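Residue numbers (the numbering used here): 1 to 259. Backbone N, C-alpha and C fix where the C-beta goes; we use that ideal spot for every residue, glycine too. Given the structure is predicted, the values throughout are model-derived calculations rather than measurements.
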Ligand SMILES: Nc1ncnc2c1ncn2[C@@H]1O[C@H](COP(=O)(O)OP(=O)(O)OP(=O)(O)O)[C@@H](O)[C@H]1O
Ligand SMILES: [Mg+2]
């Protein structure tokens, strides 16, 4: 089943066509890779889908519903979560507090309350609901195997743990579809290996994952499907094996990488 597709999506910035007529699809329950050289339009495509920016033309269909141009908060309520290329944690909160903030973005909560304000309030005023949320946040940290870091300030955590904490926070919103923008960037090999096992676990929860990544070992090992962008255009899509041997992809991107 298809959980998401873009139809002829285009985003122009002045004269630059960052995303050019891209029809991208994501199947339910799979890990889909989005790869391509720097500046190929990968993050811009994420931004159009997640409501951080509006496409110039084309459509985004999620779960059978046209979500083109909806604001980010509505899209997150429908069940799409994301992380960013640069780390965006609350550095002066602890790991568990960061995940508790993520819990407030859970799908299906009252659409009319200001969830950010609620999140800050319940952080400030501990109450019984807050204790439940604490327990749930601890569960997510355990899922990521980082419970030992629960009481550390985010700023003091090792780099790889910070990146995983961001994913934990996004996942705490219980999305159907999770977008990760270069989760392994800057990680050492041990951190990358841990991240790979975490992504496998996320897939086993039934959450669909879309992953932008330059680490080809990670991409080729865990993705079920891969889409390749170059200069804003989709140049290939298919299984890791078909992508590895695709002439256009080798020329545009893989030729310069070690696989
Ligand atoms: N807000 C913006 N205004 C103008 N140009 C932009 C904007 N955002 C992106 N671009 C341009 O769009 C193109 C695609 O950028 P994008 O960040 O999507 O690439 P990317 O594939 O994510 O690259 P990387 O692998 O380096 O992260 C680039 O030429 C970039 O300069
Ligand atoms: Mg990018």
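One or two residues paired with residue i in a DSSP bridge
i: residue 97; result: Paired residues: none, contrary to the question.
i: residue 225; result: 32
i: residue 206; result: Residue 206 is not bridged to any residue.
i: residue 237; result: 227
i: residue 153; result: 94
Where the beta strand (DSSP E) through residue i begins and ends
i: residue 185; result: Segment: none, residue 185 is in no beta strand (DSSP E) and carries neither H nor E.
i: residue 82; result: 80-82
i: residue 178; result: 177-181
Contact under 8 Å by Cβ, residue i with residue j
i: residue 206; j: residue 29; result: yes
i: residue 226; j: residue 240; result: yes
i: residue 183; j: residue 83; result: yes
i: residue 211; j: residue 89; result: no
i: residue 146; j: residue 95; result: yes
i: residue 171; j: residue 136; result: no
i: residue 253; j: residue 228; result: yes
i: residue 91; j: residue 6; result: no
i: residue 224; j: residue 192; result: no
i: residue 168; j: residue 141; result: yes
Boundaries (first-last residue) of the alpha helix (DSSP H) holding residue i
i: residue 12; result: First-last for residue 12: 2-13, but that is the beta strand (DSSP E), not the alpha helix (DSSP H).
i: residue 160; result: 159-171
i: residue 62; result: Residue 62 -> not in any alpha helix (DSSP H); beta strand (DSSP E) instead, spanning 57-62.
i: residue 92; result: That residue, residue 92, is in no alpha helix (DSSP H); it is neither H nor E in DSSP.
i: residue 53; result: Run containing residue 53: none; DSSP gives neither H nor E here.
Of the residues the options, the one placed nearest residue i, counting alpha carbons only
i: residue 179; options: 143, 188, 75 and 93; result: 75
i: residue 11; options: 50, 44, 26 and 38; result: 44
i: residue 132; options: 146, 100, 105 and 142; result: 100
i: residue 4; options: 21, 26, 18 and 22; result: 26
i: residue 265; options: 138, 1, 22 and 65; result: This structure does not reach residue 265, given that the chain is present from 1 up to 259, and the question cannot be answered.
i: residue 203; options: 175, 217, 52 and 160; result: 175
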